[in-house]
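Just so it is clear: in the sequence shown, position 213 is 213 by the UniProt record's numbering, and no numbers are missing.
Backbone N, C-alpha and C fix where the C-beta goes; we use that ideal spot for every residue, glycine too.
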Amino acid sequence: MTNYSIFDQQSKNISFILHNVADGSNPKEMILKVRPEEFNQQDTSRLAVTQTFGGMFIDSFGVGLPTIKLAGHTGWRGKDDATTGFQFMQDLKKLVYTDWHEQRALMAAQGKDPALVHLIYNDFLNDVAWVCAPNSFIAKKTTNAPLLYYYEINITFVDKYLRKKLIKPGLTGLLGDIIASIKRAVTIVAGFMKLVKNTISSWVNFVKDIVGGIMAVSYAITQGVADILSGANGVVNSITGGLSDIAGGLAFATSSLLTSAMAINNFPQEVQAEIQGCVSAFNNLGCIFRNGLKQAQLLNNYDSLFGASLCSSTTGGAPISSYYGLNTFENVLPKDQLSGVEMTTAAMDWMRLVNNSDPILYPLKPSVIENASRGIWEGTSFADYFVLENKSGYPVQVKKKAAL
Numbered sequence: 001m002t003n004y005s006i007f008d009q010q011s012k013n014i015s016f017i018l019h020n021v022a023d024g025s026n027p028k029e030m031i032l033k034v035r036p037e038e039f040n041q042q043d044t045s046r047l048a049v050t051q052t053f054g055g056m057f058i059d060s061f062g063v064g065l066p067t068i069k070l071a072g073h074t075g076w077r078g079k080d081d082a083t084t085g086f087q088f089m090q091d092l093k094k095l096v097y098t099d100w101h102e103q104r105a106l107m108a109a110q111g112k113d114p115a116l117v118h119l120i121y122n123d124f125l126n127d128v129a130w131v132c133a134p135n136s137f138i139a140k141k142t143t144n145a146p147l148l149y150y151y152e153i154n155i156t157f158v159d160k161y162l163r164k165k166l167i168k169p170g171l172t173g174l175l176g177d178i179i180a181s182i183k184r185a186v187t188i189v190a191g192f193m194k195l196v197k198n199t200i201s202s203w204v205n206f207v208k209d210i211v212g213g214i215m216a217v218s219y220a221i222t223q224g225v226a227d228i229l230s231g232a233n234g235v236v237n238s239i240t241g242g243l244s245d246i247a248g249g250l251a252f253a254t255s256s257l258l259t260s261a262m263a264i265n266n267f268p269q270e271v272q273a274e275i276q277g278c279v280s281a282f283n284n285l286g287c288i289f290r291n292g293l294k295q296a297q298l299l300n301n302y303d304s305l306f307g308a309s310l311c312s313s314t315t316g317g318a319p320i321s322s323y324y325g326l327n328t329f330e331n332v333l334p335k336d337q338l339s340g341v342e343m344t345t346a347a348m349d350w351m352r353l354v355n356n357s358d359p360i361l362y363p364l365k366p367s368v369i370e371n372a373s374r375g376i377w378e379g380t381s382f383a384d385y386f387v388l389e390n391k392s393g394y395p396v397q398v399k400k401k402a403a404l
């Protein structure tokens, strides 16, 4: 004899909860009184299958973000209240879609973390409790059921746990990873420069002559950034203006010139391996400066910039601009206080030319590589806390002269 156990589904609610953790307001919940007709959970993988002449290979980066599709209707009229299916549809869309986007935009405008606005899908029936993001909200009607309003909600998993307002990300750990990655790349570059310095060969002279200048400048700035970061005590934004932009641009330019040099010369395989390792190191540095040290984006309020219209300041409207009688641009535009590195217009043009080129399909000519390297070298100047040693030679070392 087979025994079957049953459970009461009526007590297992399916609901959406909107909770703004930042402002401390109470969560808002909407229970789907009519169960969804369709529940479709899709678990994805972060992989790409590439087919080649010799077979295939798979780039796999683990489990992806799962998604859920909910589809159903909101009923015709409430049992215990006068809420109609149409009104419930409007309230559901407002909570799941409209309010979520509006509150995140408001958090960003106030300089707060938009991720503190949580949309929670709470499904006791299917044992799902997600912090999610609404991909889409679709409202439908059909002639087969003209009194009912149908919906389709697609959500993507974001997190299992709610983020707390007072818990801040570990900047020290992130900064430590960035510094360690920079130092690993600097070690590789320094090893290559030492090899160039201590080796007597035609390929060494070629590399030294046409890319020695830009390698020296990029290496100097990179080492300087690592030193500043190590003593910055976590204050990343103070140096992530022009300095990181220049360092990132130079790293990518150096990588591009070295790649062009390999493309136009028949170097020995062991030499190509050394140069390729240096190219990879500079690419990694460029990504760090462009992404890892990306300055926080602030959405500023420029209302005071425009000031009052005619007589509005005397009738309860906008006040007179605080920039009245001043040079607005000098007071509004951010100043890079700790750049430490300046480049002439010509040097910037050379750097843009190199970064916009394709070193694989259309490698630059040796004369262009040499002129670009020399132009960037001659057009770059350093602040007093950078000390360049052996400026006329190669390689160049940099030291932090004074505390910032």
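Practice prompt. Measure from the alpha carbon of R290 to the alpha carbon of each residue in D23, V34, T222 and Y362, then state which is nearest.
Written response: T222
Item to complete: Determine the closest residue to R46 out of V354, F39 and P66, with distance taken between C-alpha atoms.
Response: P66
Discussion item. Quick check on K112: does DSSP put it in helix, strand or coil?
Written reply: coil
Worksheet item: Is L65 helix, strand or coil by DSSP?
Response: coil
Item to complete: From the DSSP output, read off the bridge partner residues of Y121.
Response: F16 and W130
Item to complete: Output the boundary residues of the beta strand (DSSP E) element that contains K28.
Response: K28 to I31
Item to complete: Report the option in E270, T344 and Q41 whose CA atom is closest to the CA atom of N154.
Response: Q41
Practice prompt. Could you tell me whether the Cβ atoms of G141 and A22 are closer together than 7 Å?
Written response: Looking at the sequence provided, one finds Lys at residue 141 rather than Gly. No.
Worksheet item: Less than 7 Å separating the beta-carbons of G249 and I188?
Response: no
Item to complete: Determine contact between the region 48-59 and the region 105-119, defined as no fewer than three beta-carbon pairs at a distance below 8 Å.
Response: no
Worksheet entry | the region 122-131 contacting the region 89-96, beta-carbon criterion three pairs below 8 Å | no
Worksheet item: With DSSP run on the structure shown, which of helix, strand or coil describes N266?
Response: coil
Practice prompt. Please state whether DSSP places A48 in a helix, a strand or coil.
Written response: strand
Worksheet item: Considering E38, what are the terminal residues of the alpha helix (DSSP H) in which it resides?
Response: Note, E38: premise wrong, no alpha helix (DSSP H); beta strand (DSSP E) at E38 to Q42.
Practice prompt. Note down, in chain order, each residue of its chain lying with its Cβ closer than 7 Å to the Cβ of residue 438, except the 5 sequence neighbours on either side.
Written response: Outside the displayed span of the chain (1 to 404) sits residue 438, for which this structure offers no information.
Worksheet entry | 7 Å Cβ cutoff, S181 in contact with chain B | This model lacks chain B altogether; it includes just one protein chain.
Discussion item. Taking its Cβ as the centre, do 16 or more other Cβ atoms sit within 10 Å of L298, making it buried, or is it exposed?
Written reply: Note that L298 scores a pLDDT of 48, beneath 50, so its modelled location is shaky; the value from the coordinates is reported in the next line. Classification for L298: exposed.
Worksheet item: Tell me which same chain residues have a C-beta within less than 7 Å of the C-beta of S255, skipping the five on either side of it?
Response: V279, F282, N283 and G286
Item to complete: Consult DSSP for G286 and reduce its assignment to one of helix, strand or coil.
Response: helix
Worksheet item: What separation, rounded to the nearest whole angstrom, lies between the Cα atoms of residue 442 and W76?
Response: Nothing can be reported for residue 442: it is not among the residues displayed for the chain, which extend from 1 to 404.
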